[in-house]
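Peer 1: Residue numbers (this note's numbering): 33 to 368.
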Amino acid sequence: MLLIRDDLCKLLTLVVLLVLRSKKKKRAKHKAKKKLLRASKHKAKKKVLRASKRMRREELARDNEEERKDLKRKVRMVGGQDYTMELLSNVHEWLQLPEGVTEALTVSGDYLYFHYGCDGFDDRGWGCGYRTLMSLCSWVRGQLAIAAPTTITDAPTDTDTPTAAPPIPLSRPPVPSNRRIQEILVEIGDKEDDFVGSKDWIGCVEVSYVLDSLYSTQCKIIHVQRGSDLCEHVDTLRQHFEECGSPIMMGGDTDNASKAIVGMCEGPDDNYLLVVDPHYWGIAKESSELQSRQWVKWQPLSEFTQGSFYNLCLPQLAAHQLTTTTTTTTTTAASS
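Printed below as a string of structure tokens:
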């Protein structure tokens with residue numbers, strides 16, 4: 033009996049030792065697992081932190097690069113300020129006539145030369161229509177500023193007849209910015225909301241809408257099916273500069289570079305349009321520089337893209353100088 037009890041005690045002791053050893057191994061394994069997990073988490077955290085720091089450095093580098101580029105652009109564009117008062121006016125003046133031409137018809141009254149980036153806003157590649165519209169707006173504002181009355185109620189409304197002033201209270205909103213032009217087109221229902229802030233182009237139709245909305249100036253739109261057909265509209269253009277004297281917006285499809293037309297002339301071999309190109313980038317200091325670099329030029333009709341259609345937007349607001357001359361002539365004739 034004593035022998036059996038001793039064996040049982042040894043067996044129980046062995047079992048207890050085995051259980052304790054097993055628990056110790058489990059605790060050690062669990063501890064190692066926790067340690068590994070903590071190390072893994074710490075490593076992952078450090079990795080995430082390093083990645084975060086790297087991304088932040090890259091982001092700061094990009095921001096610094098953008099700031100550097102923006103600063104360089106602003107330095108080029110006179111601090112990025114709106115220097116409208118420093119814009120050149122009537123940049124076509126003193127441009128030599130084409131060979132064989134002795135006289136030409138040009139815009140009556142003053143306009144400002146708006147071009148890419150002229151107000152510090154970079155619209156290269158998409159803003160030529162906007163800049164041409166701005167030049168037209170500057171001319172219209174000048175004519176409205178000359179007009180003495182504040183309200184006109186008896187002016188004709190026929191769009192085929194140029195009017196000396198619109199038949200509503202005269203107002204002279206500032207020349208709109210690119211964004212303001214987009215906002216106007218959305219406000220009148222011509223464009224969707226996402227048009228504002230986009231880089232979408234505008235053409236002659238949109239230009240006519242903005243001129244009508246801002247200054248109550250209606251426009252005549254002429255569609256020319258091919259560049260080779262421009263010669264068929266010489267008489268219309270001549271009549272426009274004789275009776276209205278306003279600058280014209282020109283746009284097309286293949287030739288999709290919008291431009292202002294501020295004059296026309298007829299030569300022995302070809303007819304010409306006086307083109308003011310808004311694609312100039314930089315600070316326009318002198319008209320002579322623009323002319324020598326062909327930003328302002330007499331372009332023969334034969335040099336327009338013959339297969340491209342063209343649209344012409346003719347503001348139907350007669351220049352004050354022309355209406356004054358017409359009134360004086362009529363009065364003198366009546367007295368006679």
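Cβ coordinates follow ideal geometry from the N, Cα and C atoms, glycine included.
How many angstroms separate the CA atom of R82 from the CA atom of K75?
Peer 2: Here residue 82 refers to the residue found at position 50 of the sequence shown. Here residue 75 refers to the residue found at position 43 of the sequence shown. Distance between the alpha carbons of R82 and K75: 10 Å.
Peer 1: Name the DSSP bridge partner or partners of I293?
Peer 2: Start at 1 with the first residue of the sequence shown, and residue 293 comes out as number 261. According to DSSP, I293 bridges with I280, V307.
Peer 1: Hey, how far is the Cα of Q214 from the Cα of E298?
Peer 2: Residue numbering aside, residue 214 sits at position 182 when the sequence shown is read from its first letter. Residue numbering aside, residue 298 sits at position 266 when the sequence shown is read from its first letter. In a straight line, the C-alpha of Q214 is about 37 Å away from that of E298.
Peer 1: Going by DSSP, what residues sit across from W330 in a beta bridge?
Peer 2: On the sequence shown, position 298 is the one that residue 330 refers to. Note: W330 sits in a beta bridge opposite L306.
Peer 1: When the Cα of C160 is compared with those of S319, Y312, T286, Q326, which residue comes out closest?
Peer 2: Stepping through the sequence shown from its first residue, residue 160 is reached at position 128. Per the Cα distances, Y312.
Peer 1: Quick check on A292: buried or exposed, where buried means 16 or more other Cβ atoms within 10 Å of its Cβ?
Peer 2: Here the question's residue 292 lines up with position 260 in the sequence shown. Result: buried.
Peer 1: Quick one: is L68 buried, meaning 16 or more other Cβ sit within 10 Å of its Cβ, or exposed?
Peer 2: As a position in the sequence shown, residue 68 is number 36, starting the count at 1. With fewer than 16 other Cβ atoms within 10 Å, it is exposed.
Peer 1: Select from G229, E125, L246, K78 the residue whose C-alpha is nearest the C-alpha of S370.
Peer 2: As shown, the chain starts at 33 and ends at 368. That puts residue 370 outside it, with no answer to give.
Peer 1: So the beta strand (DSSP E) N343 belongs to, where does it begin and stop?
Peer 2: As a first step, residue 343 must be located in the sequence shown, where it is residue number 311. Run containing N343: 342 to 347, per the beta strand (DSSP E) assignment.
Peer 1: Over what stretch of residues does the alpha helix (DSSP H) that includes C251 continue unbroken?
Peer 2: Here residue 251 refers to the residue found at position 219 when the sequence shown is read from its first residue. Segment 251 to 256 is the beta strand (DSSP E) holding C251; no alpha helix (DSSP H) there.
Peer 1: Among V256, K55, C276, which residue has its Cα nearest to the Cα of Q338?
Peer 2: For the purposes of this step, residue 338 is identified with residue 306 of the sequence shown, where counting begins at 1. The shortest Cα separation from Q338 among V256, K55, C276 belongs to V256.
Peer 1: Kindly indicate which three-state DSSP category S170 falls into: helix, strand or coil?
Peer 2: As a position in the sequence shown, residue 170 is number 138, starting the count at 1. Correct three-state label for S170: helix.
Peer 1: Label K223 either buried or exposed according to how many other C-beta atoms from any shown protein chain fall within 10 Å of its C-beta, with 16 as the threshold for buried.
Peer 2: As a working mapping, residue 223 is identified with position 191 in the sequence shown. By the 10 Å Cβ count, K223 comes out buried.
Peer 1: Output the distance between the C-alpha atoms of S324 and F146, rounded to the nearest integer angstrom.
Peer 2: On the sequence shown, position 292 is the one that residue 324 refers to. On the sequence shown, position 114 is the one that residue 146 refers to. Cα-Cα distance, rounded: 18 Å.
Peer 1: For W126, count neighbouring Cβ atoms within 10 angstroms of its own Cβ and tell me buried if that reaches 16, exposed if not.
Peer 2: Numbered from its first residue, the sequence shown carries residue 126 at position 94. With fewer than 16 Cβ atoms within 10 Å of its Cβ, W126 is classed as exposed.
Peer 1: Go ahead and label Q128 buried or exposed: buried means 16 or more other beta carbons lie within 10 angstroms of its beta carbon, across all protein chains shown.
Peer 2: For this step, residue 128 is matched to residue 96 along the sequence shown. Q128 is exposed by the Cβ-count criterion.
Peer 1: Out of H62, L349, G221, E97, point me to the one whose CA is closest to T249's CA.
Peer 2: To locate residue 249, count along the sequence shown from 1; it is residue 217. When each option's Cα is compared against that of T249, the closest is L349.
Peer 1: Please work out which residues of its chain come closer than 7 Å, Cβ to Cβ, to P300, disregarding the five sequence neighbours upstream and downstream, and give them in chain order.
Peer 2: Taking the first residue of the sequence shown as position 1, residue 300 is located at position 268. G132.
Peer 1: Would you mind giving the Cβ-Cβ distance between F273 and L137, rounded to the nearest angstrom? I have them listed as a contact below 8 Å.
Peer 2: In the sequence shown, the residue the question calls residue 273 occupies position 241. In the sequence shown, the residue the question calls residue 137 occupies position 105. Confirmed, Cβ separation roughly 4 Å.
Peer 1: Measure the C-alpha to C-alpha separation of L49 and R88 and round it to an integer number of angstroms.
Peer 2: Along the sequence shown, read from residue 1 onward, the residue named residue 49 stands at position 17. Along the sequence shown, read from residue 1 onward, the residue named residue 88 stands at position 56. Whole-angstrom Cα-Cα distance: 57 Å.
Peer 1: Taking C-beta to C-beta, are P310 and V294 nearer than 8 Å?
Peer 2: Numbered from 1 along the sequence shown, position 278 holds the residue referred to as residue 310. Numbered from 1 along the sequence shown, position 262 holds the residue referred to as residue 294. No. Outside cutoff.
Peer 1: Less than 8 Å separating the beta-carbons of Y342 and G259?
Peer 2: The count along the sequence shown starts at 1 and reaches residue 342 at position 310. The count along the sequence shown starts at 1 and reaches residue 259 at position 227. Yes, Cβ-Cβ distance for Y342 and G259 is below 8 Å.
Peer 1: Going by other Cβ atoms of all chains shown within 10 Å of its Cβ, with 16 needed for buried, is V237 buried or exposed?
Peer 2: Numbered from its first residue, the sequence shown carries residue 237 at position 205. Label assigned to V237: exposed.
Peer 1: Of all the options D154, N303, M166, which has the alpha carbon lying nearest to the alpha carbon of T134?
Peer 2: For this step, residue 134 is matched to residue 102 along the sequence shown. Per the Cα distances, N303.
Peer 1: Quick one: what's T138 bridged to in DSSP?
Peer 2: Working through the sequence shown from its first residue, we reach residue 138 at position 106. In DSSP, T138 forms a bridge with G295.
Peer 1: For Q113, which of helix, strand or coil comes out of DSSP?
Peer 2: Along the sequence shown, read from residue 1 onward, the residue named residue 113 stands at position 81. Note on Q113: pLDDT 37, under 50, position unreliable in the model; the coordinate value appears next. Three-state result, Q113: coil.
Peer 1: So W158 packs on W233, CB below 8 Å; how close in whole Å?
Peer 2: One-based indexing of the sequence shown puts residue 158 at position 126. One-based indexing of the sequence shown puts residue 233 at position 201. Indeed they touch by this definition, with Cβ atoms about 6 Å apart.
Peer 1: Enumerate in chain order the residues of its own chain whose CB-to-CB distance from A316 is below 7 Å, with the five nearest sequence positions on each side excluded.
Peer 2: Looking up residue 316 in the sequence shown gives position 284. So the list reads L120, Y145, H147, L322, once near-sequence residues are dropped.
Peer 1: Spatial neighbours of Y241 within its chain, please: CB distance less than 8 Å, with the 5 preceding and 5 following residues excluded, ordered by chain position.
Peer 2: Locating residue 241 in the sequence shown gives position 209, counting from the first residue. These residues qualify, in order along the chain: I216, L217, I220, D222.
Peer 1: Give me whichever residues DSSP pairs with S121 in a beta bridge.
Peer 2: Here residue 121 is taken as the residue at index 89 of the sequence shown, counted from 1. DSSP, once it has assigned bridges, lists L144 as partnering S121.
Peer 1: I need the DSSP call for E224, collapsed to helix, strand or coil.
Peer 2: The residue labelled residue 224 in the question sits at position 192 within the sequence shown. In this structure, E224 counts as coil in the three-state DSSP scheme.
Peer 1: Helix, strand or coil for R70, going by three-state DSSP, please let me know.
Peer 2: By one-based count along the sequence shown, residue 70 stands at place 38. It is helical.
Peer 1: So, using beta-carbon positions, are T268 and S340 closer together than 8 Å?
Peer 2: Taking the first residue of the sequence shown as position 1, residue 268 is located at position 236. Taking the first residue of the sequence shown as position 1, residue 340 is located at position 308. Cβ distance not < 8 Å, so T268 and S340 don't count as in contact.
Peer 1: Is the beta carbon of V139 less than 8 Å from the beta carbon of P347?
Peer 2: What you label residue 139 is simply residue 107 of the sequence shown in a count that begins at 1. What you label residue 347 is simply residue 315 of the sequence shown in a count that begins at 1. Not a contact, by the Cβ cut-off of 8 Å.
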